[in-house]
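In order, the protein sequence lines correspond to chains F and X. In terms of our numbering, the first sequence opens at residue 1 and continues consecutively. In terms of our numbering, the second sequence opens at residue 1001 and continues consecutively. The C-beta atom is built at its ideal place from N, Cα and C for all residues, glycine as well. None of the values given here were measured: they were computed from a predicted structure. In what follows, a structure is listed as structure tokens, so that the remarks can point back to it.
Number of protein chains: 2
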Amino acid sequence: MNKTKLVLGVDVGGTNTVFGLVDKTGNVFLIDSIPTHGDKSAEDLFKRLFEKFYQVSEDAKEDFELAGIGIGAPNANYYKGTVENPPNLNWEYVDIISLIKKFSDAPVALTNDANAAALGEMYYGAAKGMKDLIVITLGTGLGSGIVVNGNLVYGHDGFAGEIGHTIYDPQGRQCGCGRKGCLETYASAPGIKRTVMELIANTNFKSKLRSVSYESLDAKFITELALQGDKIALEAFDFTAKVLGIKLADAIAHTSPEAIILFGGLANAGDLLLVPTKKYLEENVFHVFRNKVKILKSELNEGKSAVLGAAALIWHELNTMVINQ
Amino acid sequence: MNKTKLVLGVDVGGTNTVFGLVDKTGNVFLIDSIPTHGDKSAEDLFKRLFEKFYQVSEDAKEDFELAGIGIGAPNANYYKGTVENPPNLNWEYVDIISLIKKFSDAPVALTNDANAAALGEMYYGAAKGMKDLIVITLGTGLGSGIVVNGNLVYGHDGFAGEIGHTIYDPQGRQCGCGRKGCLETYASAPGIKRTVMELIANTNFKSKLRSVSYESLDAKFITELALQGDKIALEAFDFTAKVLGIKLADAIAHTSPEAIILFGGLANAGDLLLVPTKKYLEENVFHVFRNKVKILKSELNEGKSAVLGAAALIWHELNTMVINQ
């Protein structure tokens, strides 16, 4: 009897690292996590991860073959197989591919979390069957994964797809990257919080948001208030959508995707964000692309999305290798 | 004896249509042109073109095999093989591939002039050996061709690569496309003329440009004056480079090219444009890409560049087909 081929998808997060066994069609047979302990080494993390993985998959090990390992990690470089100065992790420069070889002989591929999310949507989510798409992850920052003709755009150095660091306003908000006015200072969880503070300063609208500090505010609460009709919360979504729509119009002029998929915390606001983003995008896009590009919400199960993305990466590699042989 | 395989490269311009016979390494064995007569049909143009081509290649026809035909044309769609509402041509919607079949059985491929220029630079010009690049054509407008991993980015609809219609300033200059502040209203031959007029209005610098009307002004004259130290001409180049540098920084954040190649009329200003463009680009680019991307001037022979680009398109197709077989 042929063993079922499964891949191990791993998503390295700042707090937890999630892993799961996934088949080619996106069924997740096992999902578990360990604390990342970002202050310790990458070797420490993967040693604990494989111990836990071999332990929890012990009973099933006769029934499946580990076909590959896909890893999503911050600041990952697909070409080099490295992670370089990841935020929140004390790793500096780590050759992840070589490190994994200590624990498994299976083929390994590595990319950043937004690129993994893009492949996840293409294989298992809202972009199924598409070959040209952009995934925008709206979380602590704004990440992006660009797919052209069925393949991720990595660029010459492996770091392509940084739409969060295109400039909306050169005189705008200070960005963590050292420049001003980057898209992610507007369209992200902290971005919409900054917009709320600006609206509190600049308007006289009554709002429950006036009694909340910046630090205790989160995107979920802004969403709840917007759904209740809070004027500042609604305006904050509208402005976020405007900035996002304008810059996505630029992104479309580069790679002309079939769809743009919004993923992550802020995207959970659904139509509150999607409807005005689509409106502003259409108002600002070059006429050649007007009414052509779909704006969609991620269709990956939230608890499994990171693992599915990492699994899609290695399935994509294995598929491509088969085709190239 | 094997016949030499040559391709026919054709560049459809608003005034003249240039064609030439090109081998795989970029040697041009024949180059000629006919008037386009944009008021007449596409069939009229290609009928005259093939008559002229068969006539001028008559003596050599025993010595070569026509391996393919590559065509660069305005508003061309690679996927559909069509030209749609080209500016300056009274064609509306033409199925070029089917039309060419009336005159030749050779394989045909069609793309717009900026995409052809990008392949021309990759095969025969400044981007030889590169797999990730962007070519910016600075003429009447700003065209762009984006290459990712050795292939042109066409996008879902075949119209990707419109960097000239990304927005520099939403309250900026009126663009022919109906929107405001598109990059090409600043970085193009008419763009730098508009900048000269703005500088005449806003400054008190003495300048020979004050005695020239907008209509009699051209980019070449601005270049000559800049080389003589004319303050307005120099400022005009500096501002053009600033806008271009800022928007190219955004483009890099999308596809992370190894080089950006500047092509066409305004690029002939050379270092006058290249040096400040590089400076502003580095000042504005996301730190991950800093000091990584080369800014180069086209290395294609100006008289042959359009034909070489169109020839590169069909050689690229023929190469890719061989690889895929």
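Contact residues of the stretch 209 to 237 of chain F toward chain X are absent (C-beta to C-beta distance below 8 Å). X:Val1010 has a beta carbon lying at 8 Å or more from every beta carbon in chain F.
Across the structure, F:Leu313 and F:Leu6 are spaced so that their CA atoms are roughly 13 Å apart. The criterion of a C-beta distance shorter than 8 Å is satisfied by X:Leu1308 and X:Val1022. Residue X:Lys1061 holds the alpha-carbon nearest to the alpha-carbon of X:Leu1030 among X:Lys1061, X:Thr1185, X:Gly1270 and X:Gly1014. Boundaries around X:Asp1113 are those of the alpha helix (DSSP H), Asp1113 to Tyr1124, since no beta strand (DSSP E) includes it. Interface annotation, X:His1316: not in contact with chain F, CB-CB separation never under 8 Å.
At a cut-off of 8 Å between C-beta atoms, X:Gly1178 counts as an interface residue with respect to chain F. Contact between the stretch 297 to 307 of chain F and the stretch 1273 to 1285 of chain X is not established, with fewer than three Cβ pairs separated by less than 8 Å. Nearest to X:Glu1092 by C-alpha distance, out of X:Gly1172, X:Ala1042 and X:Phe1019, is X:Ala1042. Sequence-distant Cβ neighbours of F:His37 in its own chain, meaning closer than 7 Å and more than five residues away, are Asp44 and Leu45.
In the structure shown, X:Gly1265 falls within a helical segment according to DSSP collapsed to helix, strand and coil.
For F:Asp250, the nearest CB of chain X lies under 8 Å from its own CB, placing it at the interface with that chain. Residue-level contact by beta carbon holds for F:Glu162 and chain X, with a gap shorter than 8 Å.
The residues Tyr214, Leu217, Asp218, Ala219 and Ile222, in chain order, have a CB closer than 8 Å to that of F:Lys193 in the same chain once the five nearest residues on each side in sequence are set aside. At a cut-off of 8 Å, the C-beta of X:Thr1255 has a neighbouring C-beta in chain F.
For X:Asp1238 against X:Ser1207, the beta-carbon gap comes to about 14 Å, at or over 8 Å, which does not count as contact.
Close partners of X:Thr1166 in chain F (Cβ separation under 7 Å): Asp250 and Ala253. Nearest neighbour of F:Lys52 by Cα position, chosen from F:Ala109, F:Asn268 and F:Thr17, turns out to be F:Thr17.
Here X:Tyr1093 carries a strand assignment [DSSP, helix/strand/coil]. Interface criterion met: the Cβ of F:Ile146 is under 8 Å from a Cβ in chain X. X:Asn1204 counts as exposed, since fewer than 16 other C-beta atoms from the protein chains shown sit within 10 angstroms of its C-beta. In the same chain as F:Arg210, and ignoring 5 residues on each side of it, the C-beta atoms closer than 7 Å to its own belong to Ile200, in chain order. Under the three-state reduction of DSSP output, F:Phe46 falls in the helix class. Only buried fits F:Pro190, as 16 or more other CB atoms lie within 10 angstroms of its CB. The continuous beta strand (DSSP E) containing X:Ile1295 extends over residues Lys1294 to Lys1297. Per DSSP, the beta bridge partners of F:Gln174 are F:Lys180.
F:Tyr78 sits away from F:Gly141, with the two beta carbons spaced by 8 Å or more. Residues of the stretch 150 to 161 of chain F with a Cβ closer than 9 Å to any Cβ of chain X, in chain order: Asn151, Val153, Tyr154, Gly155, His156, Asp157, Gly158, Phe159, Ala160 and Gly161. The three-state reading of DSSP puts X:Pro1086 in coil, since its state is none of H, G, I, E or B.
In the structure shown, X:Phe1029 adopts extended strand secondary structure according to DSSP, grouped into three states. The stretch 141 to 155 of chain F and the stretch 1138 to 1155 of chain X touch, with three or more beta-carbon pairs separated by less than 8 Å. Listed along the chain, the chain X residues whose CB falls inside 9 Å of the CB of F:Glu299 amount to none; the nearest CB is some 19 Å away. Proximity of F:Ile246 to chain X, defined by a Cβ-Cβ separation below 8 Å, is satisfied. In the same chain as X:Cys1177, and ignoring 5 residues on each side of it, the C-beta atoms closer than 8 Å to its own belong to His1165, in chain order.
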